[in-house]
Each structure stands twice: as C-alpha cells, then as structure tokens.
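Down below is the structure, laid out as structure tokens.
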Amino acid sequence: DRGVRTIDSKIRLGKTLHSLGRHDEALNCFCNAVYMREALLGELHPSVSDVWVLISSVHYKKHKLEMALRASAKALTGYRNAHGDKHGTVIAVLKTIAQIHIEMGNNDKAEDINKYVRLHSAKVR
Numbered sequence: 115d116r117g118v119r120t121i122d123s124k125i126r127l128g129k130t131l132h133s134l135g136r137h138d139e140a141l142n143c144f145c146n147a148v149y150m151r152e153a154l155l156g157e158l159h160p161s162v163s164d165v166w167v168l169i170s171s172v173h174y175k176k177h178k179l180e181m182a183l184r185a186s187a188k189a190l191t192g193y194r195n196a197h198g199d200k201h202g203t204v205i206a207v208l209k210t211i212a213q214i215h216i217e218m219g220n221n222d223k224a225e226d227i228n229k230y231v232r233l234h235s236a237k238v239r
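Counting in our numbering, the sequence shown runs from 115 upward without gaps.
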C-alpha cells in the first residue's frame, strides 16, 4: 500500500536526518509519520508508539525535556494498551521517562519509576 510505504519512507528519512544532527527536519518527518499512522492504524497502535519514541528522542537531543516527556508518555500509553504493563517495550520507555525526570531534576519521580522498572524487569526475564 502506498500510504504505508510513504510513512515508512518518512521514518527512514527522519532517522537519517536525526543522525546527521538535522533535528528540526527529522522532527517534521516523524510528526508527519505519526499523524499518518494514527489516521491509518489508530492512536494506540504500537507502531504509532514506535514513532512517538523517535519524536521523544529528537526532543531529548534538542534539550526540550518537557516535549520529550510528553512524546514518551504517548508511546507508553500505546505500548501499555498493546502489551500490558510488564512488556520489554513498556519497561524501556519507563527507563527513558525516568532519565528525562532525572535531567529535569525530578529525582523523586525518577526513583519511583526506577523502583517499578526494577521490580518488573526481574519478572520479564
């Protein structure tokens, strides 16, 4: 399907631009891709969450931590909906969210998240 190929191309281009440090252009590609995927698959589909993770990464690189946190939260919602609370992708996003909280100085919040991660990471293995 052309729509899926277009989305995948936008994501590949965004990853390339991100790796080259062209964060604004990468963000544009990822935002287009996420909205297209949402329209095609629904807001909570895990492949939509995959793009939110990419968006979070760009915001993090740009030191826009609030925006990175929001994008990670959107990814987390989709992954939890698809996989439950203890899945590896959920744990990975929670680790990212904890790191963002540390960078923002929210150490208590980060520690709460890390406790949850430690508790559930042991059960995932």
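For each residue, glycine too, the CB sits at the ideal point set by N, CA and C.
The model shown is predicted, which means the values in this text are computed figures rather than measured ones.
Option nearest residue i by Cα separation, candidates the options
i	options	result
Arg119	Tyr174, Arg151, Asn220 and Ser186	Arg151
Asn142	Ser161, Leu154, Glu157 and Val165	Val165
Tyr230	Met218, Val204, Glu217 and Asn220	Val204
Ile211	Val167, Tyr174, Leu183 and His173	Leu183
Leu155	Gly117, His234 and Gln213	Gly117
Arg136	Ala153, Lys175 and Ser170	Lys175
His215	Lys200, Ala187 and Glu139	Ala187
Val172	Glu139, Asp222 and Ile227	Glu139
Buried or exposed by the 16-neighbour rule on C-beta atoms within 10 Å, applied to residue i
i	result
Thr130	exposed
His177	exposed
Asp115	exposed
Leu190	buried
Ala185	buried
Ala224	buried
Ser133	exposed
Leu179	buried
Residues of its chain near residue i, where Cβ-Cβ distance is below 7 Å and the 5 sequence neighbours each way are ignored
i	result
Asn146	Lys124
Ile121	Ala147, Met150 and Arg151
Contacts around residue i, its chain only, beta-carbon distance under 6 Å, and the 5 residues preceding and following it disregarded
i	result
Leu127	Cys143
Arg194	Val204
Close beta carbons around residue i, own chain, < 8 Å, minus the five adjacent residues each side
i	result
Gly192	Glu157, Leu158, His159, Pro160, Val162, Ser163 and Trp166
Any chance you could list the alpha helix (DSSP H) runs of at least 4 consecutive residues sitting entirely within the segment 184-233, in chain order? Note on the segment 184-233: whole alpha helix (DSSP H) runs with a minimum of 4 residues are 202-218, in chain order.
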